[in-house]
Amino acid sequence: MKNLISKKDNRLNNFLGIYIIAVLMLWIKTYITQTSQFKLGVEGPLQQFLLILNPLGSALLFLGISFLFRGKKKYTSLVIVYTLMSILLYANVVYYRFFSDFITLPTIFQTQNFGDLGGSILTLIKPFDILFFVDVFVMLFLRFSRKIQKETNRFGYKKAIAIIAFALVVSIINLGLAEISRPQLLTRGFDRNYIVKYLGMYNYSIYDSVETMKASSLRAMADSSDITEVNNYIQSNYADPNAKYFGKAKGMNVIYLHLESFQNFLINYKLNGEEVTPFLNSLTKDKNTMYFDNFFHQTGQGKTSDAEFMLENSIFGLPQGSAYITKAQNKYQAAPSILKDYGYTSAVFHGNNGSFWNRNEIYKSFGFDHFYDASYYDTSSSKDMAEYGLLDKPFYEQSESLLSSLPQPFYAKFITVGNHFPYSMNQDLVTINKADTGDASVDDYFQTARYTDEAIEQVFNQLKELGLYDNSMIVLYGDHYGISGNHNKAMGQVMGKEITPYESANLQRVPLFIHVPGMKGGINHTYGGQTDLLPTLLHLLGIDTKQFVQFGSDLLSEEHNEIVPFRNGDFVSPMIDSINEKFYDNKTGLPLDDSQLEFADTIKKEVDRKLELSDKVVNGDLLRFYTPKGYTPVDPSQFNYNKDANEKSN
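Residue numbers (the working numbering): 212 to 861.
In structure tokens, the structure reads:
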């Protein structure tokens, strides 16, 4: 080490030498991180080579910014850029551990959620994570060590240009090879996994920033002709209601029970011979309850907020971030506002802060009359609290008086939090043992799921006591997965089989129950997703949806489209599944033979088209240009969810 930094051997007394060391360290660290921390699905020698190559171009280019500075400032700028790139890399590692996804620019600005995420984030941080920053300390040493002489002159422009040109050549080669392996990589980029795999984490961040800015500019560029294109598509894909079910729940109250992180494999699953969800299992046999066993969540980065967004609007969430955060001021034609024209009062009940997911703002744009957040509940007892708000049982108990105060018919939604990552629960409240896979998230999941099941039985009994059960349509739905793909090894033990990409896609099923007094129940095998809920609901209430912009279709319609798009452009259907750009036979799980690929590709193009048009509606705020006949647009300014203000007005 002494020889390395001696005055005679000036490799580190030369700024170019330190720059090369920085490039090598960041290149190696990023490559190791991308291979060990992310499941990118790398296949074949070309993709392997690209994974090695892509951090090099980024490291050369971004760290090369330091050549633009004079004297010691170039050393300081090198350390700052290096540190920021390391933080970005590590932040994505932590984010990926739970979401199996990468950070986007819109998610960075979802700051109002950060205060409630502390405990969850801590469970994702590992002791060995300090290794991600060892090289940062090396860079700090090189910057501030007095044993290393610092060049004070400006680096030659010709040398700087040569280095930056070399970095660009590496990046261009990277992009060219990526296009060979995956054509139209940047124009069909619904799936962030592909961008990171082919271009690397840092180039992905640039791509994401450009896409975010493009989306932000779409509203200013949109005009009324854009909604005409969308309406033509909607009309050509409209599914007529089924006469057997249309109006079956006409005039009834609507009660949504939101099942947080609840996956469908839990239904009828036995852990060590014991049913995990005995009450929900009984609903699959209820004479007035229809259970959909091929119902899928379609959420993206917005997770719970995406599920709500699709539930209320039959429009897909955004490919980046959450529409709840970035598009709260848009014009919508959501369920509460549609039902208001039919005499319905609407309310949301949630035992967490109203600002979480920006609910207290976007609910106004949806037209909800009431939003009862944590300020309306007694949250003083720690034993009644989960990490994200009031536990389900006390939440339902305290909601009883609020629900009873609503004029009928009402449209009410209860958002629970008991079954939320990291699935830890006071052991005094549990009634089933943990699983024994060695993975805490998977093992604990069954205890919080059982608690949720018991709370649902409780609220059903409450509705009967209040006299609401016989005049209410009750809808229970899972919002998104609970166990991410990062836990596939443990899930393999739970399911008794290897969790392949095909099996993982099918684990995205979430439960859907629709209980309507007087309606014939049973198990319905129709394929559908969360965008299909609103048209199904409205048709059951006897309200035709043809004039509304909705991308889903009635699950009970004989014309229902059973192709279920996912937010990343994949899809599932009774015949063909598209998973990670590969097509599988839905029945066998085997790759399609060549004779079926053309048909599968046609479906894929249709899925991409639907997602593209949905994004145009949201990013362009296109519903401001279209008011259906007889529909009363929402005026958000008329709503105030503040408890103190409402008590004074009453």
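Even for Gly, the Cβ is constructed at its ideal location relative to N, Cα and C.
Computed from a predicted structure; not experimentally measured.
- Note on geometry: alpha-carbon atoms of Asp-690 and Leu-388 lie some 38 Å from one another.
- Secondary structure of Pro-620 (DSSP, three-state): coil.
- Your pair Leu-470 and Leu-687 checks out as a contact, with CB atoms roughly 6 Å apart and the cut at 8 Å.
- Per DSSP, Thr-742 lies in no alpha helix (DSSP H) segment and is marked neither H nor E.
- When C-beta atoms of the stretch 502-517 are compared with those of the stretch 530-546, three or more pairs fall below 8 Å, so the two segments count as touching.
- For Gly-732, the CB contacts under 6 Å within the same chain, skipping 5 residues up- and downstream, are Asp-497, Lys-498, Asn-499, Thr-500, Met-501 in chain order.
- In this structure, DSSP gives Pro-266 a helical state, which the three-state scheme calls helix.
- In the DSSP assignment, Asn-524 falls within the alpha helix (DSSP H) that extends over 515-524.
- Taken atom to atom, the span from the alpha-carbon of Gly-600 to that of Leu-271 is near 46 Å.
- Straight-line spacing of the CA atoms in Ala-597 and Thr-711 works out to 33 Å.
- The beta carbon of Leu-677 is closer than 8 Å to those of Glu-611, Leu-614, Ser-615 in its chain, skipping five residues each way along the sequence.
- Leu-801 sits exposed, since fewer than 16 C-beta atoms from the chains shown fall within 10 Å of its C-beta.
- Distance from the CA atom of Gly-532 to the CA atom of Leu-335, rounded to whole angstroms, is 20 Å.
- Per DSSP, Gly-693 is not a residue of any beta strand (DSSP E), being assigned neither H nor E.
- Taking the C-beta atoms as reference points, Gly-282 is found no nearer than 8 Å to Ile-374.
- Separation of the CB atoms of Ser-297 and Phe-343 is rounded to 7 Å, and the pair is thereby assigned contact status at 8 Å.
- Around the beta carbon of Met-432, fewer than 16 other beta carbons sit within 10 angstroms, so the residue counts as exposed.
- Within the stretch 623-693, the runs of beta strand (DSSP E) that reach at least 3 residues and sit entirely inside it are, in chain order, 683-689.
- Contact check between the stretch 734-748 and the stretch 761-771: three or more CB pairs, one atom from each, fall below 8 Å, which counts as touching.
- Beta-bridge annotation (DSSP): Gly-733 is paired with Met-501.
- By DSSP's assignment, Ala-597 forms a beta bridge with Gly-600.
- In this structure, DSSP gives Ala-539 a state outside helix and strand, which the three-state scheme calls coil.
- The C-alpha of Val-407 is placed about 15 Å away from the C-alpha of Val-421.
- One alpha carbon belongs to Met-424, the other to Ile-526, and they sit about 21 Å apart.
- Annotation: the continuous beta strand (DSSP E) that includes Ala-558 extends over 556-561.
- With the rule of 3 Cβ pairs closer than 8 Å, the stretch 567-577 counts as touching the stretch 539-556.
- Distance from the CA of Tyr-467 to the CA of Lys-624, rounded to the nearest whole angstrom, comes to 4 Å.
- By DSSP's assignment, Lys-481 forms a beta bridge with Glu-486.
- When secondary structure is reduced to three states using DSSP, Ser-356 falls in the coil class, being assigned neither helix nor strand.
- Note: His-581 is bridge-paired with Ala-558 in the DSSP secondary-structure output.
- Collapsing the DSSP output to three states places Leu-822 in a helix.
- Between the stretch 443-460 and the stretch 837-856, the count of Cβ pairs shorter than 8 Å is below three; the stretches do not touch.
- Taking Thr-556 as the centre and dropping the five residues before and after it, the same chain places the C-beta of Asp-580, Leu-617, Pro-618, Phe-621 closer than 6 Å to its C-beta, in chain order.
- Lys-240 sits buried, since 16 or more C-beta atoms from the chains shown fall within 10 Å of its C-beta.
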